[in-house]
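Below is one structure; the comments refer to it alone.
Residue numbers (this note's numbering): 598 to 1120.
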C-alpha cells in the first residue's frame, strides 16, 4: 500500500472534463497494452515520463555506442556532439578507461545478443540529433527506472516557515536477504541529485556510499542506521533524486567509475534535444546510457539497480522537511528507494532533518467506505478512491485507492496543525479507466485534445479516467466539509460530534456512498 499510495500522490492526472472516446477515421485499431494515466508524470514541453517497461530504441542505443566509441578513439574533425562529449567526459579522470571497458563488453556480446540489442543498426555511425529528439518524443526507453516511497498517510506539518537551506542525508540501509553464497553481501550505493541549472546545463551532486569500500555484512533483516550528508539545497528547484545500488563482490571501483561516466554522458545527451534542458530529457538520457551498462554487464546492472524520484510539488524538499519522519528500527526516514536485486531487496533511506514540531496532530481514521448503488454502466462493483485533506487550504491531500466496491480498510491520514479551528474534507470517487483512445477537454484549455493510442495516427498521452463522485450527504452533496477545533475537540459543519466518536454519513440520493470514520487528536 505504501508504493501504491505514493504513486497515486505523485502521478495524479491533470484535471480533465471527459468528452468521451472518439473514433479515428479508418479501420479500428487493435487493443494494445497502454499505460494507465496514473503511471504517467507530466514534465511539460510535451515530454512524459512513464514508469512502465517500454522497449528502448535499438537505433538510439547503437548511436550511443558509436558516440562513446568516438570519444575513446578520437576524431580528426569532431562533430558538435563529439566535442560536447569530449568536454564533459574529459573532466572525469577515469571516463576513458570506463568507456573502453563498456565497449569491450558490448563488442564481445554473442551475435544473437547484438542483433537483439541493436536490430542490425551500426554502432559506428554518427550521431543524429533529430533521431534522438524523435526517441524522446516517442517515449521509448525508461526500462530501468522506479519510484521512491514516502510516508503515505502523513501530510506535511501546516504553516511551518521554510528554512534557508535543506540538508538531505542518507539515514540508513537495509536488506531483506543475502544473495551471496556466503550469506553476507557487500553493497555500494551511488546517489545523485540533478537540477536544471540553465537552458543548456545541469547541476549534479553525486555521493558514493560509503566513500570507499562497501557496506559489508548485509544479511536478511540487516538494518544499518547512517547519518551521511548528501546535499545542501538553497535553490528550491525541482530535482531528480537517483540511487544506483550494486553488489560489489570485491571490485568497488569499476562500478563507481562506470556510473559516473554514464551519468555524464546522459547529461550531454539531454541537451542535444530540441528546446531547453529539462529533467525529462535527462531522465531519458540516463535510461539509455544506463541501458548500455545493463547490456554490457547485466549481472552487475540488473533491473532494479537504479531508482529515481522527482522531488517537486507534494514531494519537494520543503514538504519532506516539514513531514514527520517514519521509523524503521533506528532508521528515521522521509523517502525510501527500494532496489530489488535478485533474491534480495536493498532499501536506501533519506531524511531531511527538521526541528521537532509541537503542534497538535489530527488523525482521520477511516473505518469503512462503500458504494450503495451500482456505479459502472455494466452494473459491476465500483472502484473507489477516498480523498482526505486536513486544514491549511493548501490543496494537499492523501488518496486511498482500493479498487473495490466495499474496501476493508482501517486507514489513517494525519497532519500536525496550528492550535486553531481547521477544515477537514472527505470525498469518495468511483474511478474507471479511460478509453484506449479518444478526445478529452483539459481545463483551462478550451480545445479538445486527443489521448491514448491511435495506432498509426500518433502517440498521445493516455486518456484520463472517468470520475464519479459519490453522494455522502443529502441528495447531492458529494463532499463532507467538517470544521474541527483542536481546543474543544469538537466537530461541526456537515458532521457534528466529538473527537474519538465513530461517525457515519451516507447520501440519500444520486449515486450514494457511505463512510464511517473517527477524527482523533492523540494526547
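The C-beta atom is built at its ideal place from N, Cα and C for all residues, glycine as well.
Quick caveat: nothing in here was measured; it's all calculated off a predicted structure.
Within 8 Å, do at least three Cβ pairs link the stretch 958 to 967 to the stretch 1011 to 1030? In the pairwise beta carbon analysis, the stretch 1011 to 1030 is classified as touching the stretch 958 to 967: at least three pairs are separated by under 8 Å.
Which class does residue 1023 belong to by DSSP, given the choice of helix, strand or coil? Three-state result, residue 1023: strand.
Closest Cα partner of residue 810 within the set 833, 818, 729, 850: The residue among 833, 818, 729, 850 with its C-alpha nearest the C-alpha of residue 810 is 850.
Taking its Cβ as the centre, do 16 or more other Cβ atoms sit within 10 Å of residue 864, making it buried, or is it exposed? With 16 or more other Cβ atoms within 10 Å, it is buried.
Taking the alpha-carbon of residue 1076 as reference, which of 1085, 1091, 1009 has the nearest alpha-carbon? Residue 1076 has its Cα closest to that of 1091, out of 1085, 1091, 1009.
Beta-carbon separation (whole angstroms), residue 828 vs residue 905, contact threshold 8 Å: Not a contact, Cβ separation roughly 15 Å.
Residue 994 - DSSP class collapsed to helix/strand/coil: Collapsing the DSSP output to three states places residue 994 in coil.
Where residue 882 sits in the DSSP three-state scheme: Correct three-state label for residue 882: helix.
Cut-off 6 Å between Cβ atoms - residues of its own chain near residue 882, not counting five sequence neighbours on either side: Scanning its chain for C-beta atoms nearer than 6 Å, with the 5 sequence neighbours on each side dropped, one finds around residue 882 the residues 863, 866, 867, in chain order.
Just to confirm, is the Cβ distance from residue 888 to residue 658 under 8 Å? With contacts defined by Cβ atoms closer than 8 Å, residue 888 and residue 658 form a contacting pair.
Assigned exposure category for residue 1099 - 16 Cβ within 10 Å defines buried: Sixteen is the threshold: since fewer than 16 other Cβ atoms of the shown chains lie within 10 Å of the Cβ of residue 1099, the residue is exposed.
Using only alpha-carbon positions, find the residue among 804, 1095, 1107, 770 that is nearest to residue 1115. Proximity to residue 1115 across 804, 1095, 1107, 770 peaks at 1095, based on C-alpha coordinates.
Compute the distance between the beta-carbons of residue 930 and residue 769, then report whether it is under 8 Å. Yes, Cβ-Cβ distance for residue 930 and residue 769 is below 8 Å.
Are the CB atoms of residue 969 and residue 1103 within a distance shorter than 8 Å? A contact, by the Cβ cut-off of 8 Å.
Determine the direct distance from the alpha carbon of residue 798 to that of residue 947, and round the result to whole angstroms. Approximately 26 Å between the Cα atoms of the pair.
Should residue 701 and residue 655 be called a contact, given that it needs their Cβ atoms to be closer than 8 Å? Not a contact, by the Cβ cut-off of 8 Å.
Limits of the unbroken beta strand (DSSP E) element including residue 695: Here residue 695 belongs to no beta strand (DSSP E); instead the alpha helix (DSSP H) covers 692 to 704.
Taking just the CA atoms, how far does residue 885 sit from residue 902? Pairing residue 902 with residue 885, the inter-Cα distance amounts to about 14 Å.
With distances taken between CB atoms, is the gap from residue 1105 to residue 1078 smaller than 8 Å? No.
Beta-carbon separation of residue 945 and residue 987 under 8 Å? Result no, Cβ atoms of residue 945 and residue 987 do not sit closer than 8 Å.
Could you please give the first and the last residue of the uninterrupted alpha helix (DSSP H) stretch that includes residue 816? For residue 816, no alpha helix (DSSP H) encloses it, and the DSSP letter there is neither H nor E.
How is residue 1104 classed by DSSP in three states: helix, strand or coil? DSSP, reduced to helix, strand and coil, places residue 1104 within a strand of the structure shown.
Distance check for residue 774 and residue 941, CA to CA, integer angstroms please. Near 5 Å, if we compare the C-alpha coordinates of residue 774 and residue 941.
Taking Cβ to Cβ, would you say residue 984 is nearer than 8 Å to residue 754? No.
Would you kindly work out how many angstroms separate the C-alpha atoms of residue 665 and residue 788, rounded to a whole number? Distance between the alpha carbons of residue 665 and residue 788: 23 Å.
Along the chain, where does the beta strand (DSSP E) containing residue 971 start, and where does it finish? Counted as a single uninterrupted DSSP element, the stretch harbouring residue 971 is not any beta strand (DSSP E), since DSSP gives it neither H nor E.
Beta-carbon proximity list for residue 762, same chain, < 6 Å, skipping 5 on both sides: Close CB contacts of residue 762 within its chain, under the 6 Å cut and outside five residues either way in sequence, are with 829, 831 (chain order).
Give me, in chain order, the residues of the same chain whose beta-carbon lies closer than 7 Å to that of residue 869; leave out the 5 immediate sequence neighbours on both sides. Excluding sequence neighbours, residue 869 sits near 678, 726, 729.
Under 8 Å between the Cβ atoms of residue 896 and residue 860? Cβ atoms of residue 896 and residue 860: not closer than 8 Å.
Measure the beta-carbon distance from residue 890 to residue 699 and round it to whole angstroms, keeping in mind my assumption that it falls under 8 Å. Between residue 890 and residue 699 a beta carbon distance of about 7 Å is seen, short of the 8 Å cut, so the two are scored as contacting.
Could you have a look at residue 983 and say whether DSSP puts it in helix, strand or coil? In the structure shown, residue 983 sits in a strand (DSSP, three-state: E or B).
7 Å CB neighbourhood of residue 672 in its chain, flanking five on each side removed: Only 679 meet the Cβ criterion.
Given that a residue counts as buried once 16 or more other Cβ atoms are within 10 Å of its Cβ, and exposed if not, what is residue 684? Exposed, because fewer than 16 other Cβ atoms sit within 10 Å of the Cβ of residue 684.
Measuring only between beta-carbons, confirm whether residue 687 sits less than 8 Å from chain B. Looking for chain B here will not work: only one protein chain is present.
Apart from the five residues on each side of it in sequence, which residues of its chain come closer than 6 Å, Cβ to Cβ, to residue 783? Correct list, in chain order: 811, 813, 845.
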